[in-house]
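For reference, the structure discussed in these notes is given below.
In structure tokens:
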């Protein structure tokens, strides 16, 4: 391991906030009748390079820092944050946040003991921030060349490399001082293809909590470039997508966004505690065919959605959401776990110090089944085979969700035939997984591109899926 | 703030920048949320950040920081200059022409002092009143995602090595409520909100609650419809999203990059003659108003689409040079990013018809009240999104609809606008009245 940054020392040195001061501030925040609370310190460095027209003309560096003070009493949350971190602003934030709790009480320091996460899911040989800029620029230039070389119809290439390193330190009401260094890197490629009929774009990318060398391993960066180019060119020949309900086969990997939208959000603790999720009160009931076992796992090494500890200091875990079709569990943060009388699952996440945590997904995927992917395709007389998607969204209360295909094909008589234009697929969360009639043995996790938005907060997530067959999903094409 | 900006520009120059500009934002925010009548959340925030862009030769770099100590700024300026030394030269890059800089500082009435002094009791009362009014409308409104009142105050300062220095203040107040209704085993949510630059101008909380209740109740009992082609009315709340797609297609960066379906269409008829779209950066109290843009150029009124003809793009200096045009005063920038073109107050001018008249004109079709998902291809204009709304038969709403998609192509959709409502109302920087599109593909069962 390279020189390891020690967040505790870093924060103490930078802000001059000693362990004793932390204990007093936490005590002041929790002085009234509080049930829980924490101090969340963050120092985040982001570096982004972007290439267009063959050159890296744009470079950004962003250093953000701040602290969020949270006090929880019953269902109430008081939250104060500032990016001007001094003992004075901390004390003021603690008092502000503490107002949420009622009643008097004495200010007693909360003793905190340091604990390092028990494991390191992203111990890297070197921080990607340390890789010299010319090396990174050369990578983007190689991506550009590979994409252009892939097909003469590629007219423009946009490539970007974004690297983030987040130092966090969390002091919790139950006396733990947890710190973590969270790296994150992502390479994105978009190609514009043009022929006499028009223009199209293709996008591909990936990353994770990885070192820079990840992108060079097996020429991963060039593969991303060729994939983006292939998708752009392919879409030039796409025909109109059909409209209406049809059989849909989803390819492995990123199409796992189905799980994220159809059931993932609906199984977050907050919506279920409040009874506003379409899945509220379905625990123990059948919500999927018995071929389906769905997991949320924040402990997979180096994945984009993984964390040593969540943003409340709870170690992340592997949570079985659906087991052989039966709804088994929700994803919880501390507040909702306490109110629902269950254990937190390490899913309390926040975008930054400027946001209170809430239950969020980490890496959400379906376990492999035993069908061969080619048998699944062969079983379909008429339908759609979708292998790549843009974003998705869900109305957790009605349960209706969408996700938009960016690479899809017609299936005719068991064969994959023509590419179709992008189309949105819509379904009903509590119902869609009951229509899964075949599950492939080819589980794949996505390449590491997912970002999930909830209540205005974005966090990195992962998804995964084997090839599956869904007997009836509405495809939003234009060919009625 | 202006002295901090001057200091950072000076340090950048000494580190070797031939030109530079910097933006600084100081803001405070407060929010109070209630759910089922009880306090759920109180948030209080303070932030202060600075963003710097430097040019070394014709190479540039951008950086942002919250560390405003003298030593921090020194290092920050030097690091940014260092970053610029490794990027490729771009002869088109640079600050705007000095002669184009704004010389006036119009008072656009964007500031209410109340924004700096949150009143938690009043905020909670407003949120409680809004939620209470919503839930009182009907016993089927038995649950809630809560109501939230929020306010923020910010000062934005900008300075450049051309000698420009200016600042302005903006305040914003917001109240929203999201009730949940249950009937016959089905559950629905919807919301309503108000937003204003002045606290006293914020709509009555009870009225917001009642409107949220009505929007939620009308979704109960929603069902699917058959796959078909039919006329589609976009309620004003969702018509705004079509303007968003238009805005994306007329901003400079999407044009010079070739990612816009409106590439090369300036001067062409791209929409129905009923469609006139304006971008006006100087609307009094506007949510997108600013006295000067993110490069110090005066904001102004640009007619983007005039009775169906594409008259103007929205440009910053860089995209304007790339396209051989001049900036339209639309530069915007987030603290850590380079300026790029962005709409200000962007709206579709009102038409002649009431929303009721538009509904009455449809023999059999859909009124869309909510859209979900991201199924819009900016390069081709291909459009496919998840929808919920109300079904119309013989000019009357007959039942709510859900789990359907609507699909078409934005160019066809703009061309096929048959009626435009008179209900233009600003609840954000973009606004559109109700509009009717001749036909779209609806996918259902």
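Protein chains in written order, with this note's numbering: chain P, 20 to 499; chain Y, 16 to 460.
We put the CB at the ideal spot given by N, CA and C, even for glycine.
Pair within 9 Å by beta-carbon distance, residue i and residue j
| i | j | result |
| --- | --- | --- |
| residue 38 (chain Y) | residue 173 (chain Y) | yes |
| residue 229 (chain P) | residue 297 (chain P) | no |
| residue 79 (chain Y) | residue 496 (chain P) | no |
| residue 258 (chain P) | residue 444 (chain P) | no |
| residue 287 (chain Y) | residue 433 (chain Y) | yes |
| residue 47 (chain P) | residue 113 (chain P) | yes |
| residue 123 (chain Y) | residue 92 (chain Y) | no |
| residue 249 (chain Y) | residue 261 (chain Y) | no |
| residue 335 (chain P) | residue 351 (chain P) | no |
| residue 294 (chain Y) | residue 341 (chain Y) | no |
| residue 18 (chain P) | residue 88 (chain P) | There is no way to answer for residue 18 (chain P), as the model of chain P reaches only from 20 to 499. |
Short CB-CB distance (under 9 Å) between residue i and chain Y
| i | result |
| --- | --- |
| residue 219 (chain P) | yes |
| residue 52 (chain P) | no |
| residue 407 (chain P) | no |
| residue 497 (chain P) | yes |
| residue 494 (chain P) | yes |
| residue 55 (chain P) | no |
| residue 177 (chain P) | yes |
| residue 213 (chain P) | yes |
| residue 411 (chain P) | yes |
| residue 119 (chain P) | yes |
| residue 490 (chain P) | no |
| residue 414 (chain P) | yes |
| residue 20 (chain P) | Note that residue 20 (chain P) has pLDDT 35, beneath the 50 cutoff, so the model's placement of it is unreliable and the number below is only indicative. Not one chain Y Cβ lies under 9 Å of residue 20 (chain P). |
| residue 65 (chain P) | yes |
| residue 421 (chain P) | yes |
| residue 186 (chain P) | no |
Three-way DSSP call (helix, strand, coil) for residue i in this model
| i | result |
| --- | --- |
| residue 78 (chain P) | strand |
| residue 168 (chain Y) | strand |
| residue 73 (chain Y) | coil |
| residue 409 (chain Y) | coil |
| residue 62 (chain Y) | strand |
| residue 265 (chain Y) | helix |
| residue 293 (chain P) | coil |
| residue 16 (chain Y) | coil |
| residue 486 (chain P) | coil |
| residue 380 (chain P) | coil |
| residue 20 (chain P) | Confidence is the limiting factor: at residue 20 (chain P) the pLDDT is only 35, short of 50, which leaves the residue's position unreliable, though a coordinate-based value still follows. Residue 20 (chain P) falls in the coil class under three-state DSSP. |
| residue 126 (chain Y) | coil |
| residue 194 (chain Y) | strand |
| residue 164 (chain P) | helix |
| residue 254 (chain P) | helix |
| residue 39 (chain Y) | strand |
| residue 410 (chain P) | strand |
Residue i at chain P interface by Cβ criterion, 9 Å
| i | result |
| --- | --- |
| residue 418 (chain Y) | yes |
| residue 243 (chain Y) | yes |
| residue 111 (chain Y) | no |
| residue 135 (chain Y) | yes |
| residue 411 (chain Y) | no |
| residue 140 (chain Y) | no |
| residue 24 (chain Y) | no |
| residue 148 (chain Y) | no |
| residue 182 (chain Y) | no |
| residue 102 (chain Y) | yes |
| residue 155 (chain Y) | no |
Within-9 Å CB hit, residue i to chain B
| i | result |
| --- | --- |
| residue 392 (chain Y) | Judged by its chain identifiers, the structure shown contains no chain B, and its protein chains are P and Y. |
Proximity test, residue i beta-carbon vs the ligand ATP heavy atom, cut-off 8 Å
| i | result |
| --- | --- |
| residue 48 (chain Y) | This structure does not include the ligand ATP; it has no bound ligands of any sort. |
Q: Using a Cβ-Cβ cut-off of less than 7 Å, give me the residues of the segment 148-170 of chain P that come near chain Y, in sequence order.
A: 152, 153 and 156
Q. When Cβ atoms are compared, which residues of the segment 278-301 of chain P fall closer than 8 Å to chain Y?
A. 293, 294, 295 and 297
Q | Under 7 Å (Cβ pairs) to chain Y, residues found in the segment 91-109 of chain P | A | 94, 95, 96, 97, 98, 99, 100, 101, 102 and 103
Q) Which residues, in order along the segment 49-71 of chain Y, keep a beta-carbon less than 8 Å from a beta-carbon of chain P? A) 50, 53, 54, 55, 56, 57, 58, 59, 60, 61, 62, 63 and 64
Q. Listed in chain order, which residues of the segment 74-91 of chain P have Cβ atoms closer than 8 Å to some Cβ of chain Y?
A. 74, 75, 76, 77, 78, 79, 80, 81, 82, 83, 84 and 85
Q) In chain order, what residues of the segment 342-366 of chain P put their CB closer than 9 Å to some CB of chain Y? A) none
Q. Of all the beta strand (DSSP E) runs that stay within the bounds of the segment 399-450 of chain Y, which reach a length of 3 or more residues?
A. 411-424 and 432-435
Q.
Along the segment 199-226 of chain Y, where does the CB come closer than 8 Å to a CB of chain P? Name the residues.
A. 201, 202, 203 and 204
Q: Could you please tell me which residues of the segment 437-459 of chain P, in chain order, have their CB closer than 9 Å to any CB of chain Y?
A: 440, 441, 442, 443, 444, 445, 446 and 447
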